[in-house]
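Once you know that position 26 of the sequence shown is 26 in the UniProt record's numbering, the rest is easy, because the numbers rise by one and skip nothing.
The beta carbon of each residue, even a glycine, is placed where N, CA and C say it ideally should be.
All of these numbers come straight from a predicted model, not from anything done at the bench.
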Amino acid sequence: KRINYITFGGTYPNQPQPNSMWRISYLHNGSWAVLEEGKGGWIDSGIYEWGGSAQYPIVADALRVQVYSDGNNDLVSIHLRGRGGVSQYVDDSAMATKATLIQYLSNSSSAAKVKEMPENKMIVYPNPAINETSVSFILPNTVETIQIFDVTGRLVRTIENGTVDYKSSVFFNVQDLQNGIYYIKSTHNNGNQFYKRLLIQH
1 KRINYITFGG TYPNQPQPNS MWRISYLHNG SWAVLEEGKG GWIDSGIYEW GGSAQYPIVA
61 DALRVQVYSD GNNDLVSIHL RGRGGVSQYV DDSAMATKAT LIQYLSNSSS AAKVKEMPEN
121 KMIVYPNPAI NETSVSFILP NTVETIQIFD VTGRLVRTIE NGTVDYKSSV FFNVQDLQNG
181 IYYIKSTHNN GNQFYKRLLI QH
């Protein structure tokens, strides 16, 4: 199924989730790809939305929502709700469609956008990292370098790579790096650069 819009509600007010980690993935041709991931945010009584009529569609056989502990805080019992509810932070009762939506929205006024390539995205997982983490991309890439910088901007690691496609990841060990915040920078043969924050917690 071609999908370019996903939306649903987070938890109810009596199920706070500010520290819960979450990941949304989709299955295509037998492989799972991460669409988005993060901590707290929409799942803490908010609303999740991805895409829209101008979004280049993904092709998915299934969607998966994962919620897990950050390792320091307990994960309480939760359930996801449809749109149209009232939570601690959001009054969504005016939403015409009271449901969880996973659909394709056409955009007849911008038909040319369908031919555009989707925006690429770098994914770092796990993040926070303990001993090892990985870097992957939604679209096929030829990565020239992946560099890790500390918060002062000092280069602490350079990794050389070849072709990285959306089904594979580049794994690297971070055991020798001290706890704290780092920034990962990838440089590609087409001149594109991507940046992602990495938290290391041994």
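Notebook entry, point to check: Whose CA, out of LYS39, PRO126, THR7 and GLN17, lies closest to the CA of residue 203?
Noted result: Nothing in the structure corresponds to residue 203, since the chain is present only between 1 and 202.
Next item on the list: Using three-state DSSP, classify ILE43 as helix, strand or coil.
Entry: helix
Note to self: Let me check understanding here. Comparing Cα to Cα, which of TYR68, GLY9 and ASP61 lies closest to ASN29?
What the structure shows: ASP61
Item checked: Nearest-angstrom Cα separation, counted from GLY153 out to ALA33 -> 31 Å
Check: Does the distance from the CB of ASN131 to the CB of GLN66 come in under 8 Å?
Finding: no
Notebook entry, point to check: Around the Cβ of ALA54, are there at least 16 other Cβ atoms within 10 angstroms (buried) or fewer (exposed)?
Noted result: exposed
Check: What residue does the beta strand (DSSP E) around ARG64 start on, and which one ends it?
Finding: 62–68
Item checked: Beta bridge counterpart(s) of ASP150 as assigned by DSSP -> TYR182
Notebook entry, point to check: By the 10 Å Cβ neighbour count, where 16 or more other Cβ atoms means buried, how is MET117 classified, buried or exposed?
Noted result: A caution first: MET117 carries a pLDDT of 42, below 50, which makes its placement in the model too unreliable to give a value.
Checklist line | Selection from SER31, PRO18, PRO57 and GLY51 that minimises the alpha carbon distance to LEU75 | finding: PRO18
Next item on the list: On the DSSP bridge assignment, give the partners of HIS28 in chain order.
Entry: SER31
Notebook entry, point to check: Excluding sequence positions up to five away, which residues of its chain have a Cβ less than 7 Å from the Cβ of VAL114?
Noted result: Low per-residue confidence applies at VAL114: pLDDT is 38, beneath 50, and the placement is therefore not dependable, though the value from the model is reported in the following sentence. Once the five neighbours on either side are set aside, VAL114 has no close Cβ partner at all.
Note to self: Suppose contacts are defined by Cβ-Cβ distances below 8 Å. Is PHE137 in contact with TYR182 by that definition?
What the structure shows: no
Next item on the list: Would you mind sorting VAL151 into buried or exposed? The rule is 16 or more other CB atoms within 10 Å of its CB.
Entry: exposed
Check: Is GLY162 helix, strand or coil by DSSP?
Finding: coil
Note to self: I'd like to confirm the pairing. Which residues does DSSP put opposite LEU139 in its beta bridges?
What the structure shows: Answer by DSSP bridge pairing: none, since LEU139 is not bridged.
Margin query: Please report the straight-line C-alpha distance between PHE8 and ARG83, rounded to a whole angstrom.
Written below: 5 Å
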